Each structure stands twice: as structure tokens, then as C-alpha cells.
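Chains as they are written, first to last, in the numbering used here: chain A, 16 to 169; chain B, 403 to 558. No residue lacks a Cβ here, since even glycine has one placed at the ideal position from N, Cα and C. Just so you know, these numbers come straight off a predicted model, no measurement behind them.
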């Protein structure tokens, strides 16, 4: 990019003077604790699956993730998750629960455009990239692992 | 309206929780508490057998990274389940490797299944609990042990 013009620089200094400072540290602490709270719930669900069903620690992860996403989808539908998101920011978006929120909030937003073109077409507007890059990176990692095993490195 | 829906959902979930009849009996607390189960053999408990599994339990318990060791001897396999101390859980793989190596060197003719999984431990304790009942047949116990071993080998 080329250098900024004189007007742009002037505007930037003006902007900086008036801009409210973001409470970064406070936001981080909030996100840390709310995110940690979600993880406690996730751990409880993991133990629930280990304890009452035939899942080991190895295999209990999958149903736990599914349950957490399902819960966050319900909470988004009831309008509770928006408030959590407002308060906690990244703490509610980074765990898998953020995925459920992204799917359902997009679906609700485009509900007025009809079921096929609205809900169906826009549901994965945000979450689609998660699936795409998740699947693709898993594919690449698996490919590397297969090659390494073939060559006898691991 | 919304409140009613939420309450309705919660009630349904709570009620559905009862639709599950394979919950563990009695020993349920083993997930949280140190139980220190005694080593047991599914076959006849001769002096030689008891000495062998007792020695195995002692050997595994000598690792200070873990607590609560359960040893179960079946017809061919010996199931060793243990809990790892919380801060040592980062080294879980290393600990498992160390235990496997030690057991293989010390008892080369036995076949060991080593697991640090809570579920395996829970199942082992439940099986021991069942074995106390004299009506619980050896075949049934052996079958259950094989099921646990299968569960251990299962991956995602």
C-alpha cells in the first residue's frame, strides 16, 4: 500500500483523540472465565457419557461436542446466547458452542427469505468456512500421517 | 411463552434421563474417590495366582505418578487399570509406555492390557464387585472382561 495522504493522517490523529479506549484486559478476563465455564459444562457432559454410556475417555469427545453444539443452538434460539456473547465476547465464540450459535443465528436472520433460499442457503454462511477448513486441514494432516507411516518415520 | 417452552424442555430432558437402565450399580463413586480395589483373578484363586497378581499390583503402584490400581486376571489376559495424578496427566503416554515396558520385562509370559482410562477403571471395579457374588459364573466374568478389553481397544 502507498503512504497515506496528508488528510488521512490528519483524520487518523483526530480519530485517535476521540476514540474510547477498549478495556482489553477486562474483556480478556471475562472471556477467560466464561470460556472456562463452558469447558466445565463440557467436562461434566464428558463424565456423564463415560459414566452412564459405553464411552471411554478416548471416544467420549465426539458426543460431548455434539451435545455442546446442540445446547448452544437451543440457547441461541431462545435468545439467551446473544446476551452471553455480548458479555463474554470471544469466550463464547471460540469454543465449539460458537459454531452452533453461528449456524442458528444465520438461519434466524434469513428466515424471512424463505426456507430454501433463505434458511437453507444462508445457514452455513459463517459456519461453512469452519467446516471447509476443518475438513480440509484434517485431510492434509491425515495425508501427512499416512505418508510418514508408509516411510516408517513413526 | 418462552419461559414455558424452556421449562417444558428441561422437564422433558429430566424425565428422559430416567430412560436408561444400564447405569452402574453400587460402586458408582469409583470415578471420584480412591477405591484401591484388591487384585483379583477370574479363574480359581490359587496361592500362585494371587501371588502373581499381587506382585503386579505392587509393581504398578510403585510409580508415584499414579494412584488407585486395579488388576484383573482373566484366562489369558491381565487387565491393569489405573488413575493418573492430575498434574501428571500431561505425561500419560509416557507413563503408559514405562509401565508396559516394566511389566513386559518382569513377566514376559503374561499378556497385559494397560489402560489409564477412567471408563476402563470403572468397569474393572464393577466387575470385581460382581465377582464377590458367588452366583456370578466364571464364563460370564470372562466374557465381560473381553468386552472391557474390546472397549479399551476401540478408537474414535
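- Taking C-alpha positions only, residue 499 of chain B is separated from residue 505 of chain B by approximately 10 Å.
- Between residue 45 of chain A and residue 103 of chain A, the C-beta spacing is below 8 Å.
- By the Cβ neighbour-count rule, residue 475 of chain B is buried, with 16 or more other Cβ atoms within 10 Å of its own.
- For residue 556 of chain B, a Cβ of chain A is located within less than 8 Å of the residue's own Cβ.
- According to DSSP, residue 65 of chain A shares a beta bridge with no other residue.
- A direct Cα-to-Cα measurement between residue 160 of chain A and residue 517 of chain B gives close to 24 Å.
- By the Cβ test, the stretch 92-106 of chain A is not in contact with the stretch 71-79 of chain A, since fewer than three Cβ pairs between them sit closer than 8 Å.
- Contact check for residue 79 of chain A and residue 60 of chain A: beta-carbon distance about 5 Å, within the 8 Å limit, so the pair qualifies.
- In terms of Cβ geometry, residue 473 of chain B and residue 501 of chain B do not form a close pair [threshold 8 Å].
- A contact between stretches requires three or more CB pairs, one per stretch, nearer than 8 Å, and the stretch 81-92 of chain A fails this requirement with the stretch 25-44 of chain A.
- Residue 438 of chain B sits in coil when the DSSP states are folded into three classes, being neither helix nor strand.
- DSSP places residue 513 of chain B in the strand class (E or B) of the three-state scheme.
- Contact check for residue 450 of chain B and residue 468 of chain B: beta-carbon distance about 26 Å, past the 8 Å limit, so the pair fails to qualify.
- If you look at residue 468 of chain B, you'll find it in the beta strand (DSSP E) that goes 468-475.
- Using a Cβ distance threshold of 8 Å, residue 121 of chain A and residue 141 of chain A count as a contacting pair.
- Per the DSSP secondary-structure output, residue 479 of chain B pairs in a beta bridge with B/513.
- Note on residue 537 of chain B: under 16 other CB atoms within 10 angstroms of its CB, so exposed under the neighbour-count rule.
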